[in-house]
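Some notes on the structure that comes next.
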Amino acid sequence: MRRALKLAAHGRGWVNPNPLVGAVLIKDGKLISEGFHQRYGGPHAEAVVLEKAGSEARGADLYANVEPCVSHPGKRTPPCADQIIQSGVRRVFVAMRDPDTHVNGRGIAQLRAAGIDVQESILAAEAQKLNEISVKYKTTGKPFVLLKMAMSADGKIATRTGNSKYISSPDSLRYAHELRDRYTALLVGIGTVLADDPQLNTRLDCPGHDPVRVLLDAQGRLPLEAKLLQSKSSAKTILATTDALSKAKEEALLHRGVEIWKLPIVTNNIGAQHAAPLQSGQIDLHELADRLGKAGLDSLLVEGGSTVTASFLQTGLVDKITFVIAPMLIGGQTAPSPIGGLGIEKIEDAFRLKDISLRALGQDIVYEAYLDYTGLEDSS
Ligand SMILES: NC(=O)c1ccc[n+]([C@@H]2O[C@H](COP(=O)([O-])OP(=O)(O)OC[C@H]3O[C@@H](n4cnc5c(N)ncnc54)[C@H](OP(=O)(O)O)[C@@H]3O)[C@@H](O)[C@H]2O)c1
5 MRRALKLAAH GRGWVNPNPL VGAVLIKDGK LISEGFHQRY GGPHAEAVVL
55 EKAGSEARGA DLYANVEPCV SHPGKRTPPC ADQIIQSGVR RVFVAMRDPD
105 THVNGRGIAQ LRAAGIDVQE SILAAEAQKL NEISVKYKTT GKPFVLLKMA
155 MSADGKIATR TGNSKYISSP DSLRYAHELR DRYTALLVGI GTVLADDPQL
205 NTRLDCPGHD PVRVLLDAQG RLPLEAKLLQ SKSSAKTILA TTDALSKAKE
255 EALLHRGVEI WKLPIVTNNI GAQHAAPLQS GQIDLHELAD RLGKAGLDSL
305 LVEGGSTVTA SFLQTGLVDK ITFVIAPMLI GGQTAPSPIG GLGIEKIEDA
355 FRLKDISLRA LGQDIVYEAY LDYTGLEDSS
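Next up, the structure:
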């Protein structure tokens, strides 16, 4: 199963919104075949290993990190459960059930009904983590949201003048681009575009994907000469804005291929599950998340700045944070920290983190954690 999980990870960035799946076929203690789901719309991992194995599959054991799929409306590939039954596989080991409500246990039930011995929940925690994006998206219809920021050791994301290029080391920058490759959408606020003029694309040594760019810009302040509008990328750019966008700017942006999403603004204190309410007058991020989900975007990488990260936190939409901490000190009372906004009043109202991990990346430290919403009332 460990091998299946490792193989599955090779599909990162290529299979969304499908889960990452790897499979291994073993017979008499020997590896018969192995494979993974390589791209969305392509053959599933189980189909790959059965095809490679041919008649050798009869009597073998199949390991797959996600339960095999079944027939359902809108399905693009032949159901794996049928193929497994036809192949004569003897036993099937799965790490987790498919979070897709069309499958969720039905694949396992179909195999068992055909007399195949199925064992589940093997390395379940690792499997859930590997497919955290797919689990969130398939169960809620909203994208998995990661807040990623680079900061100095004294917790600053820019200097007092707004300069932030580059806080992180080349190794961490590469990691940032790997994240862009994995996530289907990337979001920043207009403050970041005005300060840094970023390209918001993926720059890796090997071929990668550019995420769909999403810009939060309620007033339509995006300059027409911004680098992100000059990009040759095939990934689209979405301007999340409001009725305040002028007609002339709208036309100029549409002419440059930008998709315009006019969204409502927050008029009351939604998200007041914490002491610091979401400020009125800002774009409604719940509406945005719903719309991104409906557009098939399963994951959203939020790269800042600190006004935007504060809003996302206050809405309760954030699943995970990644803070890259660089060995430098910036200082300055007005230099921004990763989370801006009003902040909370009392420590007891702090956002709690869980499942924390820490690792070195070049000279930097990568701090990753998940938001712990247990015990909080959802008042949104
Ligand atoms: N070190 C890092 O990792 C990193 C990453 C990114 C940025 N930065 C730095 O951060 C600074 C920019 O941060 P910033 O706080 O000034 O700007 P920001 O967070 O990038 O953008 C904030 C603006 O976005 C718009 N917006 C629209 N809807 C919003 C909503 N629901 N919630 C929040 N904002 C919304 C608002 O402007 P409108 O009302 O006009 O729409 C708001 O003022 C720069 O200095 C940049 O270099 C550092």
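Just so you know, we're using this note's numbering here: the sequence shown kicks off at 5 and counts up by one.
For every residue, glycine included, the Cβ atom is placed at its ideal position computed from N, Cα and C.
DSSP lists V28 and F97 as the bridge partner or partners of Y67. Within the region 6-62, the alpha helix (DSSP H) runs of at least 4 residues that lie entirely inside it are, in chain order, 6-13 and 49-57.
Every unbroken stretch of the alpha helix (DSSP H) spanning 4 or more residues and falling wholly within the region 172-197 is given here in chain order: 174-186. Shortest Cα-Cα distance from Q203 to any of L190, C210 and D209 involves L190. Taking the Cα of Y67 as reference, the smallest distance to any Cα among P82, G58 and F40 is reached at F40. Scanning N135, I351, P227 and G345 for the CA closest to the CA of V312 turns up G345. Taken in chain order, the whole beta strand (DSSP E) runs of length 3 or more contained in the region 218-266 are 241-245 and 263-266. The beta carbons of S91 and L127 sit no closer together than 8 Å. By DSSP's assignment, A354 forms no beta bridge with any residue. The three-state reading of DSSP puts D359 in strand, counting E and B together. Closest option to R16, judged by alpha-carbon separation, among R186, P342 and V197: R186.
Remark: the shortest separation between the CB of E349 and any heavy atom of ligand 1 does not fall under 7 Å. By the CB criterion at 8 Å, S315 and Q286 fall inside the cutoff.
Uninterrupted alpha helix (DSSP H) stretches at least 4 residues long and entirely within the region 79-149 occur at 84-91, 110-117, 128-134 and 136-144, given in chain order.
Boundaries around D294 are those of the alpha helix (DSSP H), L289 to K298, since no beta strand (DSSP E) includes it. With contacts defined as CB atoms closer than 8 Å, L365 and Y179 qualify as a contacting pair. The beta carbon of L289 sits closer than 7 Å to at least one heavy atom of ligand 1. Secondary structure at S315: helix, using DSSP grouped into helix, strand and coil. Ligand 1 has no heavy atom closer than 7 Å to the beta-carbon of R178.
Contact annotation: the region 361-377 touches the region 320-332, with at least three C-beta pairs closer than 8 Å. Here DSSP, grouped into helix, strand and coil, assigns S156 to strand. When I30, A162 and L150 are compared, the shortest CA-CA separation from V306 is found for L150. Checking the DSSP bridge columns, you'll see L333 has no partner listed.
Between F148 and I161, the gap from beta carbon to beta carbon reaches 8 Å or more.
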